[in-house]
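>
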Amino acid sequence: MKNEEVRMTTKDIIKPENLVYQKPEIMNDVPMHYCPGCSHGVVHKLVAEVIEEMGMQDKTVGIAPVGCAVFAYNYLDIDWEEAAHGRAPALATAVKRLRPDRLVFTYQGDGDLAAIGTAETVHACNRGESIAIIFINNGIYGMTGGQMAPTTLEGMKTATCPYGRDVKLNGYPLKITNILKELEGTRYITRQSVHTAAAVRKAKKAIRKAFENSMEDKGTSVVEIVSTCASGWKLDPVQANEWMEKNMFPAYPLGDLKNVE
Amino acid sequence: MAKVRGAVVVNNERCKGCELCVAACPSDVLAMSKHVNAKGYNYAYMANEEACTGCANCAVVCPDGCITVYRTKVNG
Numbered sequence: 018m019k020n021e022e023v024r025m026t027t028k029d030i031i032k033p034e035n036l037v038y039q040k041p042e043i044m045n046d047v048p049m050h051y052c053p054g055c056s057h058g059v060v061h062k063l064v065a066e067v068i069e070e071m072g073m074q075d076k077t078v079g080i081a082p083v084g085c086a087v088f089a090y091n092y093l094d095i096d097w098e099e100a101a102h103g104r105a106p107a108l109a110t111a112v113k114r115l116r117p118d119r120l121v122f123t124y125q126g127d128g129d130l131a132a133i134g135t136a137e138t139v140h141a142c143n144r145g146e147s148i149a150i151i152f153i154n155n156g157i158y159g160m161t162g163g164q165m166a167p168t169t170l171e172g173m174k175t176a177t178c179p180y181g182r183d184v185k186l187n188g189y190p191l192k193i194t195n196i197l198k199e200l201e202g203t204r205y206i207t208r209q210s211v212h213t214a215a216a217v218r219k220a221k222k223a224i225r226k227a228f229e230n231s232m233e234d235k236g237t238s239v240v241e242i243v244s245t246c247a248s249g250w251k252l253d254p255v256q257a258n259e260w261m262e263k264n265m266f267p268a269y270p271l272g273d274l275k276n277v278e
Numbered sequence: 013m014a015k016v017r018g019a020v021v022v023n024n025e026r027c028k029g030c031e032l033c034v035a036a037c038p039s040d041v042l043a044m045s046k047h048v049n050a051k052g053y054n055y056a057y058m059a060n061e062e063a064c065t066g067c068a069n070c071a072v073v074c075p076d077g078c079i080t081v082y083r084t085k086v087n088g
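Protein chains in written order, with the working numbering: chain A, 18 to 278; chain B, 13 to 88.
1. Using beta-carbon positions only, say whether A/A86 and A/I153 come within less than 8 Å of one another.
2. Answer with yes or no whether the minimum CB distance from A/S56 to chain B is below 8 Å.
3. Hey, B/A14 and B/S39: beta-carbon distance below 8 Å or not?
4. What are the start and end residues of the alpha helix (DSSP H) that includes A/Q74?
5. For A/T168, which three-state DSSP category applies?
6. What does the alpha-carbon distance come out to for the pair A/Y205 and A/E99?
7. Hey, B/Y55 and B/G77: beta-carbon distance below 8 Å or not?
8. Given that A/M160 touches chain B, what residues does it touch there, using C-beta distances under 7 Å?
9. In terms of DSSP beta bridges, what is B/R108 paired with?
10. Candidates A/T245, A/T110 and A/T138: which alpha carbon is nearest A/I196's?
11. Would you identify the three-state DSSP class for B/K46, choosing helix, strand or coil?
12. List the DSSP bridge partners of A/A81.
13. Hey, A/L63 and A/K221 are a contact pair by Cβ (cut 8 Å); roughly how many whole angstroms apart?
14. Are the beta-carbon atoms belonging to A/I95 and A/G72 less than 8 Å from one another?
15. Let's test the definition: count the other Cβ atoms within 10 Å of the Cβ of B/K51 and tell me whether it reaches 16, buried, or not, exposed.
16. Is the distance from the Cβ of A/L200 to the Cβ of A/N143 below 8 Å?
17. Reducing DSSP to helix, strand and coil, say where A/R129 ends up.
18. Measure from the alpha carbon of A/N155 to the alpha carbon of each residue in A/K28, A/A247 and A/T237, then state which is nearest.
19. Consider the Cβ of B/M44: report whether some Cβ of chain A lies at a distance smaller than 8 Å.
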């Protein structure tokens with residue numbers, strides 16, 4: 018019936034029974050302040066989708082960081098606490114210990130988790146708190162204007178190392194998830210990305226596993242998302258994804274670092 | 013043989029014109045509009061409606077959740 022196919026217009030396809038994908042309901046209609054193409058939006062969406070699929074909207078407490086994601090509480094319709102800079106794992110520890118029935122996760126950037134919050138992160142993981150840590154690693158301080166972070170790559174140019182990061186002066190890029198995997202309290206450590214549709218689907222599975230570990234009291238799970246910062250890197254979003262594949266992935270290879278069954 | 017046809021609806025006002033959906037589309041369906049929304053961004057639209065298979069790759073990579081995807085089977 019070739020004619021039928023030709024007659025079928027876009028209007029005929031757009032019907033509720035044909036719906037295959039839409040923005041999760043937990044994600045508000047509030048416009049997000051992130052720059053165009055920012056990985057934060059994709060990860061917010063994944064967190065919302067996983068909570069929705071687990072039916073945990075009323076039983077989730079997110080811990081927002083300081084950094085670009087500081088306003089995460091405006092975008093996802095769940096309970097939130099806003100932590101002081103870097104202290105999200107400490108706050109999550111308190112919430113999870115007081116309310117073990119809640120799904121508790123922190124959402125942190127690399128400046129929050131790997132710089133000022135290193136102590137809190139390492140000790141929360143070492144204690145094996147049953148929290149999930151979502152770690153957005155884009156190798157730069159995005160919110161404050163693109164300064165060097167501990168995770169900045171060797172030779173990478175930022176506002177505070179305009180000639181590129183010199184390891185003699187600034188040290189080496191901090192691979193903090195590699196450190197966390199050595200701690201006995203951690204259960205699941207993985208490094209994912211959200212640059213392609215396939216990668217996004219894999220990252221969603223990783224977040225789901227981390228959240229399930231939190232609910233089953235199995236210890237700390239860390240999902241590192243190697244991300245882009247198109248504004249900080251001074252590239253357009255599509256170029257930023259290409260740059261990340263070429264430069265970030267060799268330093269931060271994707272895959273599971275630790276998965277204790 | 014049954015053919016799969018899809019369609020997407022872009023929330024024009026929410027779109028920030030990052031073009032990640034255009035890069036993610038395997039069928040070259042999407043393009044950026046010449047028009048801008050209230051924020052001044054060029055938004056994505058279906059330039060090649062016939063080619064859409066409703067794979068939802070564009071919606072999955074959209075950082076702002078602007079894209080809703082529909083898919084149906086057509087007997088051809």
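Every residue gets a Cβ at the ideal spot worked out from N, C-alpha and C, and that includes glycine. Owing to the predicted nature of the structure, the values given are computational and were not obtained by experimental measurement.
Taking the structure as given:
1. Your numbering for residue 86 of chain A matches position 69 in the first sequence. Your numbering for residue 153 of chain A matches position 136 in the first sequence. Taking 8 Å as the Cβ cut-off, A/A86 and A/I153 qualify as a contacting pair.
2. Here residue 56 of chain A is taken as the residue at index 39 of the first sequence, counted from 1. By the rule that beta-carbons nearer than 8 Å mark a contact, A/S56 touches chain B.
3. Position 2 of the second sequence, counted from the start, is the residue given in the question as residue 14 of chain B. Position 27 of the second sequence, counted from the start, is the residue given in the question as residue 39 of chain B. In this structure, B/S39 does not lie closer than 8 Å to B/A14 by Cβ.
4. For this step, residue 74 of chain A is matched to residue 57 along the first sequence. Unbroken run through A/Q74: none, as it is neither H nor E.
5. Indexing the first sequence from 1 puts residue 168 of chain A at position 151. In this structure, A/T168 counts as coil in the three-state DSSP scheme.
6. As a working note, residue 205 of chain A is residue 188 in the first sequence. As a working note, residue 99 of chain A is residue 82 in the first sequence. Between A/Y205 and A/E99, the C-alpha separation is close to 25 Å.
7. Numbered from its first residue, the second sequence carries residue 55 of chain B at position 43. Numbered from its first residue, the second sequence carries residue 77 of chain B at position 65. Result no, Cβ atoms of B/Y55 and B/G77 do not sit closer than 8 Å.
8. Within the first sequence, the letter at position 143 stands for residue 160 of chain A. Within chain B, no residue comes near A/M160; the closest Cβ sits about 16 Å away, beyond 7 Å.
9. For residue 108 of chain B there is no data in the structure shown, the boundaries of chain B being 13 and 88.
10. If you number the first sequence from 1, residue 196 of chain A lands on position 179. A/I196 has its Cα closest to that of A/T138, out of A/T245, A/T110 and A/T138.
11. Counted from its first residue, the second sequence places residue 46 of chain B at position 34. Strand at B/K46.
12. Position 64 of the first sequence, counting from 1, holds the residue named residue 81 of chain A. Answer is A/E99.
13. The residue labelled residue 63 of chain A in the question sits at position 46 within the first sequence. The residue labelled residue 221 of chain A in the question sits at position 204 within the first sequence. Contact flag correct, Cβ pair sits at about 5 Å.
14. Translated into the one-based positions of the first sequence, residue 95 of chain A becomes position 78. Translated into the one-based positions of the first sequence, residue 72 of chain A becomes position 55. Contact: no.
15. If you number the second sequence from 1, residue 51 of chain B lands on position 39. Exposed, by the Cβ-count rule.
16. Within the first sequence, residue 200 of chain A is the residue found at index 183, counting from 1. Within the first sequence, residue 143 of chain A is the residue found at index 126, counting from 1. Cβ distance < 8 Å, so A/L200 and A/N143 count as in contact.
17. Locating residue 129 of chain A in the first sequence gives position 112, where the first residue counts as 1. Here the sequence assigns Asp to residue 129 of chain A, which means Arg is not the residue at that position. Of the three classes helix, strand and coil, the one that applies to A/D129 here is helix, per DSSP.
18. One-based indexing of the first sequence puts residue 155 of chain A at position 138. With respect to the C-alpha of A/N155, the residue from A/K28, A/A247 and A/T237 having the closest C-alpha is A/A247.
19. Residue 44 of chain B sits at position 32 when you count from the first residue of the second sequence. Chain A, which has no Cβ nearer than 8 Å to the Cβ of B/M44, makes this no.
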